[in-house]
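FYI, in the UniProt record's numbering the residues of the first sequence are 1 to 677. Don't be surprised by glycine CBs; every beta carbon is placed ideally from N, CA and C. In this text the structure is predicted, and so the values were computed from the model without any measurement.
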Amino acid sequence: MWLTKHLIKTLLSSFKDKPTLSKIHALLITSGLINQRNPATKLISSYAQIGDIKVARQVFDKLPQRGIDAWNAMIIAYSRMGFSNDVVGVYKEMINEGIKPDSSSYTVAIKACASLCDFEMGEEIWHQAVGFGYKDDDFVGCSVLNLLSKGGRMVEAKAVFEGMKRKDLVCWTTMVTGFAKIGQGLEAVGVFREMQEQGMVGDGIVMLGLIQACTDIGDMNVCLSVHGHLIRRNLLMDVVIYTSLVDMYAKNGHLCLAYRIFCNMPQKTVVSWSALVSGYAQNGLAGEALELLIEMQRVGYRPDLASLVSALLACSHVGYLKMGRSIHAYILRRQELEHISATAAIDMYSKCGALSSARELFDMIGCKDVILWNTMIASYGIHGHGEAALSVFHDMIKTNSYPDDATFASLLSALGHSGLVEQGQYWFNEMINRFRIEPSEKHYACVVDLLARAGKVEEALDLINSMKKHEAGMSIWAALLSGCHNHRKFSVGELAAKKVLELQPDDSGIYSLVANFFASAKMWKEMAEVRKAMRMAGMKKVPGYSMVEVKGKLHAFLMEDKSHYQYEHMVLIIEKLDSEMRAMGYTPKIEFVFHDIEEEVKVKMLSFHSERLAIAFGLLNTEPGTKLVINKNLRVCGDCHEAIKYISKIVNREIVVRDVKRFHHFKHGVCSCGDYW
DNA sequence: ATAGGGTTAG
């Protein structure tokens, strides 16, 4: 055999195509060199590099004696392919065969555990590494930093980091990114500054962590200065960095800027598109998000799950059930439904009024995680099905899923809206004592709401006064006031009303609550003052609109929307309904009009609120008996709430109105959610 | 010589 060992080595490092590799492989076998450590190891890495991991494994398995080099070649091969399970598998085999891992085996194995989020295993390997004298190894240490930061354990990570003798750029980057990822942007910036003070020069990757930190901090000045820094340092070349910038500006609501950067990017990837789609969706610009999803497909990008999930979010925002369904079906066809997209689809179904579809999907998901459970509980909650929410919660406990703060926020809110007071109080206490979760302001607001609805306003006030770590905010006082209003508890109510006014509401619904309270308490002077204050505050400028999906298309209506092609027909329907309603005993609640105009005009304004236009349009264009689902961007008006009860009876239809807070199911003259508030 | 830090989504 004229091929020397040396020549084989050279060949293996310079030729990366499969036919050549196979030829060399054959030569190694015929020459017997295959059984020597060095060429075999080389062969394994070469096969791994061209992505032929199976052959690499075969070579590895056939080796008569395997040294640490061969093991590492194999473990690194799996790591490069992203096969973390196999990495851990090979590591375990090594241990079983009595091979002593070295620095690189530990490093790669711990990295694999981090990407699998298998923190137990990761820590076990870490301890083994320490036991074998790799305590001060930089690579192992850095892998550990990554493991801890992936688990959000930045306090421990910081301790390890501080103990490291030589901190290189990779370690610093891990710390910066770690803090940024868990929402501690300021800490991340602090670490970056420290790094600069140590004279370390950053690269694009550490800047990526810094961009994420800025995204989290949300201060435009910081964002712009980091952007400037990138330009000055000439680091603005990588697609990934551009994409991150798009995300940063989009998440902070600067969509024009995000879009401009997106358009001017030298190249784009699917991720760049996804980042923009998600930016639009998260900022409530559902139409733009969906258009962008279509546009990206048109120019040849196959949407990834992130963009599809964002599109589902957009659908749930505007109640676009038909589009939501087809996106869900598309994900199913691609066989890519997993937890995140399933959760998004469940949320979409429930927010579009298709609660049973949400449940059906939920039941099909095996091995549910916390967010999935929480989403189902919240779904029942917004529809006013407290018992169902509680039963899902019980299932959750039975399967040993551990509830978190969000679980209880959804559960307590669901119980409150269904008047399950004892259950609410019980689980609030269990949350604190058994699950050791500290109540947040949100939890307090739920329980205050729960108690106040039941008329236990003194108890609610005691709870508010017992709050130590939080200051009671608008939601808490408004909930209390509403209970006082409904149960004619005037003295606590007066206190709550004052607190609400002190906090300067920017929502006309809250002003009307205060005014109504003063009216029922016969405190006329205060009532007049509230009306005056309201005029002075000049209420939110957000125009109210309602949407209805008819035959798979979304139709939006603004108040008194005369431009609509069916306006005359809609007016006729509204007027006809109006006279029938009055005959049944309905009187318009003009306190819900906040303009200084004549009463007759006020009444007219009420009956042309956007929700009623949407209902009229729905009635006109659907078969009798069809359920109508209306979506409103603000809170449904109190008068309309009353009127829709009558309408549901007159036309004998189920009418579902979703407003910012929850769902109102109107059927046979009643609303499932009881009181308006 | 090898290995450790990177973008979007519930």
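Which ranges would you report for the alpha helix (DSSP H) in the region 252 to 280 if only whole runs of at least 4 residues count? The region 252 to 280 contains these whole alpha helix (DSSP H) runs: 255 to 264.
Could you name the residues of the same chain whose beta carbon sits closer than 6 angstroms to that of residue 472, not counting the 5 residues immediately before and after it, in chain order? Once the five neighbours on either side are set aside, the close Cβ partners of residue 472 are 464.
Tell me, which residues are paired with residue 671 by DSSP? DSSP lists 666 as partners of residue 671.
Under 9 angstroms, do residue 272 and residue 243 count as touching if we go by C-beta distance? Contact flag set, yes.
How is the alpha helix (DSSP H) around residue 358 delimited, first residue to last? 355 to 364 is the extent of the alpha helix (DSSP H) around residue 358.
If we require 4 or more residues per run, which alpha helix (DSSP H) segments fall completely within the region 502 to 555? Taken in chain order, the unbroken stretches of alpha helix (DSSP H) that lie wholly in the region 502 to 555 and span 4 residues or more are 508 to 520 and 524 to 537.
When you compare only the Cα positions, how much space is there between residue 516 and residue 412? One alpha carbon belongs to residue 516, the other to residue 412, and they sit about 27 angstroms apart.
Bridge-paired residues (DSSP) for residue 658: For residue 658, which the question treats as bridged, DSSP gives the partners 631 and 663.
Whole angstroms is fine: what's the gap from residue 310's alpha carbon to residue 153's? Distance from the CA of residue 310 to the CA of residue 153, rounded to the nearest whole angstrom, comes to 28 angstroms.
Assigned exposure category for residue 572 - 16 Cβ within 10 Å defines buried: The residue in question, residue 572, is exposed, as its Cβ has fewer than 16 Cβ neighbours within 10 Å.
Reduced DSSP category for residue 161 - H, G, I as helix; E, B as strand; rest coil: The answer is helix: DSSP assigns residue 161 an H, G or I state.
When the Cβ atoms of the region 598 to 614 are set against those of the region 508 to 522, are three or more pairs found closer than 8 angstroms? The way I'd put it, the region 598 to 614 doesn't touch the region 508 to 522; fewer than three beta-carbon pairs between them come closer than 8 angstroms.
Could you please give the first and the last residue of the uninterrupted alpha helix (DSSP H) stretch that includes residue 92? Where residue 92 is concerned, the enclosing alpha helix (DSSP H) starts and stops at 84 to 96.
Collapsed DSSP secondary structure at residue 420 in the structure displayed: Residue 420: coil per DSSP, three-state reduction.
Cross-strand partners of residue 558 (DSSP beta bridge): BP columns for residue 558 point to 545.
When you compare the CB positions of residue 483 and residue 455, do they come within less than 9 angstroms of one another, or not? A contact, by the Cβ cut-off of 9 angstroms.
Using 9 angstroms as the threshold, is the C-beta distance between residue 136 and residue 175 below it? Their beta carbons are not under 9 angstroms apart, which means residue 136 does not touch residue 175 by this criterion.
Quick one: is residue 280 buried, meaning 16 or more other Cβ sit within 10 Å of its Cβ, or exposed? Flag for residue 280 reads buried.
Within its chain, find whatever has a CB closer than 8 angstroms to the CB of residue 610; leave out the 5 residues flanking it on each side and keep chain order. Apart from the 5 residues on each side of it in sequence, residue 610 sits with its Cβ closer than 8 angstroms to the Cβ of 544, 545, 546, 557, 558, 559, 561 and 632 in its chain, given in chain order.
Residue 17 in three-state terms, based on DSSP: In this structure, residue 17 counts as coil in the three-state DSSP scheme.
Could you tell me the boundaries of the alpha helix (DSSP H) in which residue 233 lies? Element bounds for residue 233: n/a, residue is neither H nor E.
Touch test, the region 170 to 188 against the region 131 to 149, Cβ-Cβ under 8 angstroms, three pairs minimum: At 8 angstroms Cβ cutoff, the stretches touch.
Give me the Cα-Cα distance between residue 531 and residue 511, rounded to the nearest whole angstrom. Each residue's alpha carbon lies about 8 angstroms from the other.
6 angstroms Cβ shell around residue 526 - same chain, five flanking residues per side excluded: Hits under 6 angstroms: 518.
Is the separation between the beta-carbon of residue 143 and that of residue 110 shorter than 9 angstroms? Contact annotation: residue 143 and residue 110 have beta-carbon atoms nearer than 9 angstroms.
When DSSP labels each residue in this structure, what does residue 198 get in the three-state scheme? Three-state DSSP puts residue 198 in coil, outside helix and strand.
Return yes when the C-beta of residue 225 is under 8 angstroms from any heavy atom of the ligand PLP, and no when it is not. In the structure on display, the ligand PLP does not appear, and there are no ligands present to speak of.
Can you give the Cα-Cα distance for residue 194 and residue 537, rounded to whole angstroms? Approximately 46 angstroms, taken between the alpha carbons.
Cβ-based neighbour list, residue 372, same chain, cut-off 8 angstroms, excluding 5 preceding and 5 following: Excluding positions up to five away in sequence, the list reads 339, 342, 343, 346, 362 and 365.
Where in the region 400 to 453 do unbroken runs of the alpha helix (DSSP H), each at least 4 residues long, occur, reported from the N-terminal end onward? Residue ranges of uninterrupted alpha helix (DSSP H) with 4 or more members, entirely inside the region 400 to 453 and ordered along the chain, are 405 to 417, 421 to 433 and 441 to 453.
Hey, could you find the ends of the alpha helix (DSSP H) residue 320 is sitting in? Careful: residue 320 lies outside any alpha helix (DSSP H) and carries neither H nor E.
Apart from the five residues on each side of it in sequence, which residues of its chain come closer than 7 angstroms, Cβ to Cβ, to residue 728? There is simply no residue 728 to check, as the chain begins at 1 and stops at 677 in what is shown.
To the nearest angstrom, how far is it from the Cα of residue 307 to the Cα of residue 288? The straight-line gap separating the alpha-carbon atoms of residue 307 and residue 288 is approximately 13 angstroms.
On the CB-based measure, 16 or more other CB atoms within 10 Å of its CB, does residue 1 come out buried or exposed? Residue placement at residue 1 is flagged as unreliable, the pLDDT there being 49, under the threshold of 50; the coordinate-derived value follows with that caveat. Counting Cβ neighbours within 10 Å, residue 1 comes out exposed, since fewer than 16 surround it.
With a CB to CB cut of under 7 angstroms and the five nearest residues on each side skipped, what residues in its chain are close to residue 442? Result list for residue 442: 409, in chain order.
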